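Asker:
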Amino acid sequence: MNQKERLSSQGKIAEIRLLGIPYHREVDGEIVDCTDVLERLATNENYKQKLRQAINENEENLQPLFEGGYYGVDRKIKKGESLTYEDAFSLMSFVLMASNSQIRSELSPRIKIGDTSLETITLQGIALLAELSAKEAYVGLTPEEIAGLTAATLELDTVVRVDGGQQAFGVGGMGGDRGYPRNGDRSKLFSLSTMGAAVLACFGNVHKHHSYPNTSKIAGQTAIEAIGGRSDQDSQSAMEVLQHETNLFMSSCHTVRTLHTISHRLKGETINHVVGPLAIPVSKDTTLNAFIGVNDNVHPETIIRSLQILQKNGIQKYGNSVAFCGLLKSNSSHFSEQGYYQDKEAKNNVAIDEVAPPPHDTLAAFLVEGQNLGTFIITPSDFLDDDLIAHVDFHGLLIPNTAEGILQANNDAIIGQDLPKSIYLAMTVALGIFTRDYSHLKGAFDQKNRRVNQQMLRKSFYLAFEKIAGGDASAKLQEYIIMSNEVLNI
43 MNQKERLSSQ GKIAEIRLLG IPYHREVDGE IVDCTDVLER LATNENYKQK
93 LRQAINENEE NLQPLFEGGY YGVDRKIKKG ESLTYEDAFS LMSFVLMASN
143 SQIRSELSPR IKIGDTSLET ITLQGIALLA ELSAKEAYVG LTPEEIAGLT
193 AATLELDTVV RVDGGQQAFG VGGMGGDRGY PRNGDRSKLF SLSTMGAAVL
243 ACFGNVHKHH SYPNTSKIAG QTAIEAIGGR SDQDSQSAME VLQHETNLFM
293 SSCHTVRTLH TISHRLKGET INHVVGPLAI PVSKDTTLNA FIGVNDNVHP
343 ETIIRSLQIL QKNGIQKYGN SVAFCGLLKS NSSHFSEQGY YQDKEAKNNV
393 AIDEVAPPPH DTLAAFLVEG QNLGTFIITP SDFLDDDLIA HVDFHGLLIP
443 NTAEGILQAN NDAIIGQDLP KSIYLAMTVA LGIFTRDYSH LKGAFDQKNR
493 RVNQQMLRKS FYLAFEKIAG GDASAKLQEY IIMSNEVLNI
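In this note's numbering, the protein residues as written are 43 to 532.
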């Protein structure tokens, strides 16, 4: 029986097939379709049986769905109530019935209220996403809501979770950020988190979770594929060989789950951009050092509290972790989570879901040994001495929002050809090193002034910069590109 017949006999899972480039493209004379990869992966890893087990393990979290269907959670949101963890888990499970046929097959017979036809569920699911997007923008999502949405995505829709070893960085970013002004427009920076993941892999295991672009010109998956990397591994064994041989795995949300087909078909941001960077498909047995960039709609500390809830509920183990954003202003005063969502000035000060380039400041929240330490301001001088800061021309870091410009900047940064961009890349990596290796040490934080230890952060910067300047980072990236092709035959 050929592969096509196998898929037909066992049933597809994706209700939405994304068409055209980049979802469907030709590579070395071969057609690569992300939906086909997802279907093969689901078949190869016995997803249907795993889904039934996951549903049994999450009976309590699914009770709001079974009892109230669409109307229960819809009523709560429209009355201005916050959702519980179980409500949010149920809401996402309802949405997933529109994108994942296996989830709909298993859950719809148990819903006591409402029409569970695919057409109705799809329309109602989109309505729920729109309601949550409005809540995110105007009121803010709670840690319980974010954790519940993420948990359902990982538990039900994610077809495989990869062994990342005992400990791994989990790298993701929300996107949807404003960017910095450039010639009357909003510019972009290069693919910091993708290039940063390759540098971090010089220091230990890294799992970078990314996607194709939705509202931007280029995203992490296109950045890595444009230089020869492959994202179409269709077995857990191939993924884990890649992870263990290179210390790096860059997973695609399009090949490990169905959720993101909804926002990509709509061609607009939904709350999926909050879920994606948290729902990293890593084994529960791996302790994840989360490294999450956030946009203006989510305060970094909200993410840290979401991680605590996910760990408490057995979804993922977390080591020292950080959530952060780059600010528009320099010399920013610290602002905490309390009151943030009603503070327009504070939200307008968030420019990017990355470490901020000089002269701008970074706002970061830390999870250290299971404790939420709150938020801290990090300035360029915390990373760099004055001589290095002088090398970084802020306007030289800003590039046009074109695929060509971003890809060229990526290369120049990781090979050390463009010193300011390499310095900035090392700053990003330094925050990850500091978080994992130093944040739990005595004196790592000045709690009174809400600042980090400059000596420790600068040491982290020099460790990162050495890997870039010495060629180790670019060699690691090339190693990954080669191996990502070789494991396709496993």
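For every residue, glycine included, the Cβ atom is placed at its ideal position computed from N, Cα and C.
This structure is a prediction, so every number in the text was calculated from the model and none was measured.
1. I'd like to know whether the C-beta atoms of residue 401 and residue 466 end up nearer to each other than 8 Å.
2. Hey, how far is the Cα of residue 151 from the Cα of residue 184?
3. Just to check my reading of the structure: residue 363 and residue 346 have Cβ atoms closer than 8 Å, yes? What is that Cβ distance to the nearest angstrom?
4. Taking buried to mean at least 16 other C-beta atoms within 10 Å of its own C-beta, is residue 191 buried or exposed?
5. Looking only at its chain, what residues have a beta carbon closer than 8 Å to the beta carbon of residue 54, apart from the 5 residues adjacent to it on each side?
6. Express the C-alpha separation of residue 272 and residue 517 in angstroms, rounding to a whole number.
7. Measure the C-alpha to C-alpha separation of residue 482 and residue 333 and round it to an integer number of angstroms.
8. How many Å lie between residue 195 and residue 180 at the Cα?
9. Between which two residues does the alpha helix (DSSP H) harbouring residue 424 extend?
10. CB-CB under 7 Å to residue 113, same chain, minus the five flanking residues each way: which ones, in chain order?
11. Along the chain, where does the beta strand (DSSP E) that runs through residue 213 open and close?
12. Go to residue 335, then tell me how far its beta strand (DSSP E) extends in each direction, as first and last residue.
13. Pick helix, strand or coil for residue 98, following the three-state DSSP scheme.
14. Could you say which of 98, 254 and 495 lies nearest to residue 426 if we only look at CA atoms?
15. Is it a yes or a no for the region 467 to 487 touching the region 501 to 514, going by three-plus beta-carbon pairs under 8 Å?
16. Using DSSP with H/G/I as helix, E/B as strand and the rest coil, what is residue 407?
17. Go ahead and pull the three-state DSSP assignment for residue 76.
18. Can you check which of these residues, 274, 244, 57 and 127, is closest to residue 161 by C-alpha distance?
19. Can the beta-carbon of residue 284 be found less than 8 Å from the beta-carbon of residue 526?
20. Leaving out five residues on either side along the sequence, give the residues of the same chain with a beta carbon under 6 Å from the beta carbon of residue 239.
21. If you drop the 5 nearest sequence neighbours on each side, which residues of the same chain put their C-beta closer than 7 Å to that of residue 506?
22. Give me the Cα-Cα distance between residue 215 and residue 394, rounded to the nearest whole angstrom.
Answerer: In short, the structure shows the following:
1. no
2. 30 Å
3. 7 Å
4. buried
5. 81 and 143
6. 17 Å
7. 16 Å
8. 24 Å
9. 422 to 425
10. 155 and 156
11. 209 to 215
12. 329 to 335
13. helix
14. 495
15. yes
16. strand
17. helix
18. 57
19. yes
20. 213, 248 and 250
21. 241, 468, 471, 472 and 475
22. 10 Å
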